[in-house]
Structures are given as C-alpha cells and as structure tokens.
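Position one of the sequence shown corresponds to residue 2 (our numbering), numbered consecutively onward.
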Amino acid sequence: MGSLNKTILIGKVLDTPDMRFSVNGAGIIKFNLEVKRPPRVSGEESPPDKIPIVAFSKQAEMLAEKVKQDDIVMIEGRVQVRTYNKQDGQTQWSTEVVALSSIVLNEDNIKNFNVMSNLPLGTDNIQEDQAKKEENYDDIPF
Numbered sequence: 002m003g004s005l006n007k008t009i010l011i012g013k014v015l016d017t018p019d020m021r022f023s024v025n026g027a028g029i030i031k032f033n034l035e036v037k038r039p040p041r042v043s044g045e046e047s048p049p050d051k052i053p054i055v056a057f058s059k060q061a062e063m064l065a066e067k068v069k070q071d072d073i074v075m076i077e078g079r080v081q082v083r084t085y086n087k088q089d090g091q092t093q094w095s096t097e098v099v100a101l102s103s104i105v106l107n108e109d110n111i112k113n114f115n116v117m118s119n120l121p122l123g124t125d126n127i128q129e130d131q132a133k134k135e136e137n138y139d140d141i142p143f
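Written out as structure tokens, the structure reads:
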C-alpha cells in the first residue's frame, strides 16, 4: 500500500528566520509559521496554529534571502517527526514541516489566491462538461 506525505501551508512568518550551517556547510533555516484554522462553529474564529518550518541546502539559502518576519508565504513540503535527546537525557519529540518549495506572497499573489479560493468547488468541471456538450462529432471525416 502506498502513502503520501505532502502539505501546503499559507501563513505569516512569526519570527526572524534562523539560518545556520551544518558541519559540512549545508544551510539549515528554521522559523515558525502562523496558519489560521477553519472555524469550528460558523462565525466563531479558531486560534491559529504555530507550525515549525525547516528547510535545508538551496531551499534554506533561498528562504534566508527572501523571507523575513511578518511575510506571508506559501510552503509546500512534508511533515517530519523526529526524536532527539535533551542535555538532561530526556527524549524529546519534534514535529515540523520540511519545506521543499516556497513562494513569498505579495499583494498581487494574495489577491489572486483569494479570488481562486472563493470559486465554488467544481467550477472547472462545469466548464469541461459544457465544452463536451458543444463538440460536434458530425464534422469528423471517419
């Protein structure tokens, strides 16, 4: 049985991204992304989630150059759960999203996203169905 580990998040960068380098020189960047939850009850706002983001190598370098605190970004990546031992010997679990691609959203991108997200579900299917109805197979020479 196959599996899929993919997530797409759009949110606000909560803190200044922390760029570091591994012993072999690969870039590692970490920051937290505030992502709003859909409301549980109509008219009631749910608290946002604070999601740790990490990126490596070229993606980390690109994020370090382009992303700053309070930017709105779209992150595409995978969920990673890892364990590590704290200095006191206790095992600590960490869940984070490993960014594989990202887009810093400016005002134009956000407007386009809002327009697209307000379209009713299945709009493109309606257009495809209409195009199929308009096809005329009598003109085909075979």
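Cβ coordinates follow ideal geometry from the N, Cα and C atoms, glycine included.
These numbers were taken from a predicted model, which means no experiment stands behind them.
When the Cα atoms are used, Gly-90 and Lys-31 turn out to be separated by approximately 24 Å.
For Ser-47, the CB contacts under 8 Å within the same chain, skipping 5 residues up- and downstream, are Lys-37, Arg-38, Pro-39, Pro-40 and Arg-41 in chain order. Annotated three-state conformation of Met-2 is coil, per DSSP.
The three-state reading of DSSP puts Ser-47 in coil, since its state is none of H, G, I, E or B.
If you draw a straight line from the Cα of Val-99 to the Cα of Gln-88, it comes to about 24 Å.
Just so you know, the alpha carbons of Val-68 and Ser-103 end up roughly 10 Å apart. Separation of Asn-107 and Arg-21 (C-alpha to C-alpha, rounded to the nearest whole angstrom) is 26 Å. Residue burial annotation: Val-14 is buried, with at least 16 other C-beta atoms found within 10 angstroms of its C-beta. In this structure, the beta-carbon distance from Ile-76 to Phe-57 does not fall below 8 Å. Residue range 28–36 is occupied by the beta strand (DSSP E) that includes Leu-34, with no alpha helix (DSSP H) assigned at that position.
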